[in-house]
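Quick mapping for you: the protein sequence lines, in order, are chains A and B.
Numbering-wise (this note's numbering), the first sequence opens with residue 16 and increments by one.
Numbering-wise (this note's numbering), the second sequence opens with residue 109 and increments by one.
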Amino acid sequence: GPKVLQIPSHQIIDMGQMVTLNCDPVSNHLYFYWYKQILGQQMEFLVNFYNGKVMEKSKLFKDQFSVERPDGSYFTLKIQPTALEDSAVYFCASSARDWGQDTQYFGPGTRLLVL
Amino acid sequence: GEQVEQLPSSLIVQEGASVLINCSYTDSASVYFPWYKQEPGKRLQFIIDIRSNMERKQNQRLTLLFDKKTKHLSLHITATQPGDSAIYFCSASNRYGGSGNKLIFGTGTLLSVKP
C-alpha cells in the first residue's frame with residue numbers, strides 16, 4: 016500500500032530540549048495525523064491537520080506541541096520543551112479526501128527517548 | 109470518552125487453524141471501524157474496515173462481522189500462515205470514513221502462528 020515515511024527513526028534528547036519529528040505523507044493525501052504510543056500501551060490520537068489548520072486535538076496534545084506543513088513539505092510535530100513523559104513512539108498517518116479512499120496510512124514511527 | 113477493548117490479548121495457533129479476534133467499543137456514535145496489523149518492527153498495515161451500515165465484510169481470508177446492537181466486532185482469519193503473526197488492532201471513529209477523523213485504537217491482539 017501507500018507509504019508514509021518518518022524521519023528520524025530514533026531520537027534521544029535531553030529533557031527541556033526541542034525536538035522536531037518529520038513525516039513525509041503519501042503524495043496526494045490531504046489529511047495528516049499524529050498518534051502517540053507509550054511502550055506497552057494503546058496508540059492514542061494526538062492531532063489531525065487539514066488545509067494548513069489543526070482540525071482536532073486530544074488532551075495529550077499539550078501546549079508544548081505544535082504541528083505544521085510549510086509549503087507542502089514535511090508534516091512536522093515539534094515539542095518544545097520536551098518532558099520525560101514525552102518518551103514514546105510517535106506515528107504519523109495520512110489519508111486522502113475522497114469518501115471510500117480515506118484509509119489512514121501509517122508511517123513506521125519515530126522512537127523518542129527523553130532523558 | 110470512547111473505549112475500545114480487544115480479546116484475547118494474545119493467542120498461539122498452529123498453521124492452518126482459524127482464529128477469532130473480538131473487539132468491543134463503548135461509544136454508540138462510532139460508525140467506522142478499520143483494522144490494522146503490525147508485524148514486529150514494522151508500520152501499521154491496514155487490512156480491512158467496515159462501516160456501521162454493514163454487518164459483514166470479507167477480504168480473502170479475513171471476515172469482519174459487526175453487531176451494532178451489542179457494539180461488537182469479530183475478525184475471523186482462516187487458514188492462518190506464519191506470515192499472519194502480528195499484533196492486530198481494532199479501531200473506531202465516530203465519523204463515517206477515515207479522513208479527518210481520530211481513530212480510537214484497541215488494546216491489540218498478539219497472534220502467533222506456529223509452522
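Cβ atoms here follow ideal geometry from the backbone N, Cα and C, with glycine treated the same way.
As the structure is a prediction and not an experimental result, all values here were calculated from the model.
Counting only the Cα atoms, V127 (chain B) lies some 8 Å from T188 (chain B). Distance from the CA atom of C38 (chain A) to the CA atom of F106 (chain A), rounded to whole angstroms, is 9 Å.
Between K72 (chain A) and the set A:Y48, A:M30 and A:K93, the nearest pair of CA atoms involves A:Y48. Assignment of D135 (chain B) by DSSP, reduced to helix, strand and coil, places it in the coil class. Residues of the segment 178–200 of chain B whose Cβ lies closer than 9 Å to any Cβ of chain A, in chain order: F197 and S199. A distance of 8 Å or more separates the beta carbons of Y133 (chain B) and S201 (chain B). Contact note: G16 (chain A) reaches chain B through Q153 and F154, using a C-beta cutoff of 9 Å and chain order. Interface with chain B (8 Å Cβ-Cβ cutoff): E71 (chain A) is included.
Residue contact with chain A for G214 (chain B): present (Cβ-Cβ distance below 8 Å to some residue of chain A). Contact annotation for Q57 (chain A) against chain B: V112, F197, I212, F213, G214, T215 and G216 [CB-CB distance below 9 Å, chain order].
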